[in-house]
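Here is the structure we will look at.
Residue numbers (the numbering used here): 24 to 273.
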C-alpha cells in the first residue's frame, strides 16, 4: 500500500528530521489516523522523496526521522499553465484538483468580461491559500513529485502582456472552425512551455478573442460540442499531454 505523501518547504528539513505542522498534521491525525512509528513520504518539490518514520506526533506538530531518500520523476516534460476565467461555485476547485492530477504546472485565474466571481483585494490571500491547498493535496494523492503553483488572479489584459514567455498559447474558442487542437499541436512538436487559455461560463467575448489573437495566441477548436468551462480545460490538458507522450505510454 502506498504511503501518504506530504510536500515540504526547505526549512521543514533539518538535521535528518522533518517537521510537519498546520493542515498536514490535522490531515495526518484526523483523516489518516497516523501515530508515532508510522511512516510517510515527504517531497521537497524538486524531485526528492524522503521516507520518514514519525517519532513525535501531537495536536499541532509531527516530527519524523528520515530513514531513506530517493529521486522520482513523475512530471511531464512539457510545462503547462492553465489560464482560466474564474468559474463560479466549486468549478474552479474541480479544475485545480483534476488538472493537478493530470500534470498541470501552474494555474492562473483570470478576471474576464463574463467572469461572475468578484473578489475584494483583502479576500485574495485567503482564497489563494485555499486554492494552493487543493492543488497540493491533489498532487500528493496522484503521486506527483511537485505541487503545481496557483498564482494570484489577473485581468485577461494583464496576463496577455506576459504571454510571450510561453512557446505557445492555445485559446479554446467555440467559434473556431478551421484550426483544431490536434492540428495546432502537430504543427509545433518541440514545445517546452505551453499555456491553455479558457474562458469562464459564457466563454470569451469576441473582443477578448481579438485581443488574445493580437497578443499571439492561437484560437483552436476542441471538437464539435460546446464544453463547459471546467470540462474544456481538463479535456485540453489531457489531450495535449497525451499528444506529447506523457499519458498512455508508461
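C-beta: ideal position from N, C-alpha, C; glycine also.
Computed from a prediction, not measured in an experiment: that's the story for all the values here.
Residue 247 holds the alpha-carbon nearest to the alpha-carbon of residue 201 among 247, 71, 132.
As a beta-bridge residue in DSSP terms, residue 65 pairs with 29, 73. When the beta-carbon positions are compared, residue 161 and residue 124 come within less than 8 Å of each other. Residue 259 and residue 219 have their C-alpha atoms spaced approximately 7 Å apart. Around the Cβ of residue 73, a 10 Å sphere holds 16 or more other Cβ atoms; the residue is buried. Taking a cut-off of 8 Å on C-beta distances, the segment 75-85 does not touch the segment 103-119, as fewer than three cross pairs fall below it. By the 16-neighbour rule on beta-carbons within 10 angstroms, residue 113 is exposed.
Cβ contact annotation for residue 158 (same chain, cutoff 7 Å, sequence separation greater than five): 119, 123, 130, 170, 171, 173, in chain order.
Residue burial annotation: residue 48 is buried, with at least 16 other C-beta atoms found within 10 angstroms of its C-beta.
Contact annotation: residue 87 and residue 63 have beta-carbon atoms nearer than 8 Å. Between residue 155 and residue 34, the alpha-carbon positions lie close to 19 Å from each other. The DSSP assignment places complete beta strand (DSSP E) segments of no fewer than 3 residues inside the segment 89-156 at 102-108, 129-134, in order along the chain. One Cα belongs to residue 93, the other to residue 265, and the distance between them is close to 27 Å.
Residue 133 is positioned such that its CB atom lies closer than 8 Å to that of residue 179.
Per DSSP, reduced to three states, the secondary structure at residue 257 is helical.
Spatial neighbours of residue 227 in its own chain (CB-CB distance under 6 Å, excluding positions within 5 residues in sequence) are not present. The shortest CA-to-CA distance from residue 213 to any of 181, 267, 91 is the one to 267. Under the rule that a run must span 3 or more residues, the beta strand (DSSP E) segments found entirely inside the segment 166-213 read 191-195. Residue 216 sits in a strand when the DSSP states are folded into three classes.
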